[in-house]
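In the working numbering, the protein residues as written are 10 to 412.
Quick reminder that beta carbons are idealized off the backbone N, C-alpha and C, glycines included.
Since the structure is predicted, the reported quantities are computational estimates derived from the model, not experimental observations.
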């Protein structure tokens with residue numbers, strides 16, 4: 010989704026996602042259309058006597074108060090994320106941006122802390138800010154003088170609503186739905202006695218169970234489809250972060266040279282070869298991508314989808330050089346594997362040429378990386394922290410297989 014920058018705070022860009030611009034009017038309408046109900050909740054909870062009839066005397070007034078309350082709530086969300094961000098920056102972790110979107114806000118950290126104390130402090134900072142905002146709103150609510158005017162009633166309602174909702178926001182975020190704040194607090198506490206990757210896996214499983222329970226409540230308990238959507242993103246977020254964390258831990262100290270297919274085991278196809286012969290080679294060797302060679306130099310890459318684009322009756326006439334990709338993405342053999350994986354994702358390709366001082370030394374594919382990951386996970390190496398403080402054994406290509 011497209012994002013728009015609306016300002017910055019403490020050097021951190023603040024953006025709004027297009028989904029936020031769509032959901033803000035819906036929030037305003039949801040509050041304004043049930044304003045009498047919310048005013049009643051504030052009166053009952055805080056012992057006030059705000060006039061429901063006065064605030065609901067016109068549709069325009071109700072919707073206006075709904076918009077004011079929604080804007081105040083999202084300002085609270087920004088401050089919540091700033092709480093996380095400022096503590097993270099204090100520990101030396103840069104913050105790329107804060108973005109408001111359909112489900113609230115998110116602070117984009119460029120690196121996650123693996124020290125449990127730091128993660129605990131960063132995770133708890135947001136809910137602490139939200140509780141503080143709730144207390145400040147309540148104090149301001151009490152400070153508004155009594156009176157029967159529209160301005161007084163409107164101010165007391167908005168402040169009372171924000172006092173309540175900021176505390177609710179803090180409480181909801183502290184539920185153990187990793188990667189929500191509560192899930193990160195759980196991971197930090199687990200990380201006290203377990204390796205970071207293992208703590209992430211456990212917290213992610215707890216988060217998935219929480220997401221399933223939240224989704225079922227949304228479907229059958231009256232929570233609504235919005236809760237189902239939140240549950241879905243919690244589940245996906247937990248699974249994704251767990252996978253990324255396990256991969257980072259597994260590939261600690263592992264470089265491209267350790268997992269690539271060496272050049273002497275890579276079949277290169279000739280640029281003048283027919284597409285029909287290329288498909289025959291793919292069928293025979295069970296590979297779906299090859300570097301393309303001309304006069305001993307790598308000049309392109311060709312994949313199965315390139316060959317499929319040529320009609321069967323024309324495959325004898327077409328040469329590989331006519332369908333190959335000449336946009337070559339390369340990586341050095343001493344690059345760490347996670348950086349190489351990011352390159353694959355960034356360029357949306359399935360393989361990288363491994364080049365050393367301009368010489369082709371190997372081919373790195375997603376299959377190479379995933380196979381190495383499976384072997385490392387099976388060994389349990391990424392879960393164990395050496396008791397003597399030495400580095401864990403590095404994955405070697407002898408432990409792998411041909412791509």
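With burial defined as no fewer than 16 other Cβ atoms inside 10 Å of the residue's Cβ, what is the status of residue i: buried or exposed?
| i | result |
| --- | --- |
| residue 47 | buried |
| residue 84 | exposed |
| residue 287 | buried |
| residue 136 | buried |
| residue 256 | buried |
| residue 231 | exposed |
| residue 348 | exposed |
| residue 104 | buried |
| residue 100 | exposed |
| residue 188 | buried |
| residue 379 | exposed |
| residue 360 | buried |
| residue 245 | exposed |
| residue 148 | exposed |
| residue 14 | exposed |
| residue 407 | For residue 407, the predicted model reports a pLDDT of 45, less than 50, meaning its position is unreliable; a value from the coordinates is still stated below. That one is exposed. |
| residue 24 | buried |
| residue 157 | exposed |
| residue 262 | exposed |
| residue 302 | buried |
| residue 155 | exposed |
| residue 54 | exposed |
| residue 318 | exposed |
| residue 234 | exposed |
| residue 16 | exposed |
| residue 305 | exposed |
Please report the distance separating the alpha-carbon of residue i from that of residue j.
| i | j | result |
| --- | --- | --- |
| residue 57 | residue 42 | 21 Å |
| residue 68 | residue 123 | 51 Å |
| residue 181 | residue 236 | 12 Å |
| residue 140 | residue 190 | 14 Å |
| residue 471 | residue 334 | Only positions 10 to 412 of the chain appear in this structure, which leaves residue 471 out of reach. |
| residue 159 | residue 63 | 7 Å |
| residue 412 | residue 376 | At residue 412, the pLDDT of 39 sits below 50, so the modelled position is not reliable; the number obtained from the coordinates is stated separately. Roughly 7 Å between the two C-alpha positions. |
| residue 87 | residue 171 | 14 Å |
| residue 176 | residue 352 | 42 Å |
| residue 27 | residue 300 | 41 Å |
| residue 61 | residue 52 | 10 Å |
| residue 428 | residue 193 | The first residue shown for the chain is 10 and the last is 412, placing residue 428 beyond what the model contains. |
| residue 384 | residue 356 | 26 Å |
| residue 239 | residue 161 | 35 Å |
| residue 40 | residue 200 | 41 Å |
| residue 133 | residue 274 | 51 Å |
| residue 401 | residue 386 | For residue 401, the predicted structure reports a pLDDT of 45, less than 50, and the residue's modelled location is therefore unreliable. A value from the coordinates is still provided. Between residue 401 and residue 386, the C-alpha separation is close to 13 Å. |
| residue 102 | residue 96 | 9 Å |
| residue 291 | residue 354 | 24 Å |
| residue 323 | residue 373 | 31 Å |
| residue 174 | residue 225 | 23 Å |
| residue 241 | residue 215 | 14 Å |
| residue 332 | residue 388 | 41 Å |
| residue 12 | residue 107 | 11 Å |
| residue 397 | residue 316 | In this prediction, residue 397 has a pLDDT of 39, which is less than 50 and means its spatial position is unreliable; nothing more can be read from the coordinates. |
Our contact map puts residue i next to residue j with C-beta atoms below 8 Å; I'd like the distance itself, whole angstroms only.
| i | j | result |
| --- | --- | --- |
| residue 45 | residue 65 | 5 Å |
| residue 220 | residue 243 | 4 Å |
| residue 281 | residue 330 | 7 Å |
| residue 259 | residue 382 | 6 Å |
| residue 59 | residue 166 | 5 Å |
| residue 89 | residue 153 | Actually they do not touch by this definition, with Cβ atoms about 24 Å apart. |
| residue 313 | residue 297 | 4 Å |
| residue 78 | residue 93 | Not quite, the Cβ-Cβ distance comes to about 24 Å (not below 8 Å), so this is no contact. |
| residue 346 | residue 278 | In fact, because the Cβ distance is near 26 Å, the residues do not count as touching under 8 Å. |
| residue 150 | residue 178 | Residue 150 to residue 178, Cβ: 17 Å. No contact. |
| residue 75 | residue 37 | 4 Å |
| residue 427 | residue 128 | Residue 427 lies beyond the stretch modelled for the chain, which goes from 10 to 412, so this question has no answer here. |
| residue 325 | residue 285 | 5 Å |
Name the one or two DSSP bridge partners that residue i has.
| i | result |
| --- | --- |
| residue 364 | 369 |
| residue 270 | 372 |
| residue 299 | 311 |
| residue 21 | 18 |
| residue 107 | 23 and 116 |
| residue 229 | None, per the DSSP bridge assignment. |
| residue 283 | 328 |
| residue 387 | Per DSSP, none; premise fails for residue 387. |
| residue 254 | According to DSSP, residue 254 bridges with nothing at all. |
Taking contact to mean 3 or more Cβ pairs, one atom from each stretch, closer than 8 Å, check whether the stretch 107 to 127 and the stretch 28 to 41 are in contact.
Contact between the stretch 107 to 127 and the stretch 28 to 41 is present, because at least three Cβ pairs lie under 8 Å.
Touch check for the stretch 203 to 211 and the stretch 262 to 270: three-plus C-beta pairs under 8 Å?
Cβ pair count under 8 Å is below three, so no.
Stretch-stretch touch, CB-based, cutoff 8 Å, three pairs: the stretch 336 to 343 with the stretch 363 to 372:
Verdict: yes, contact present.
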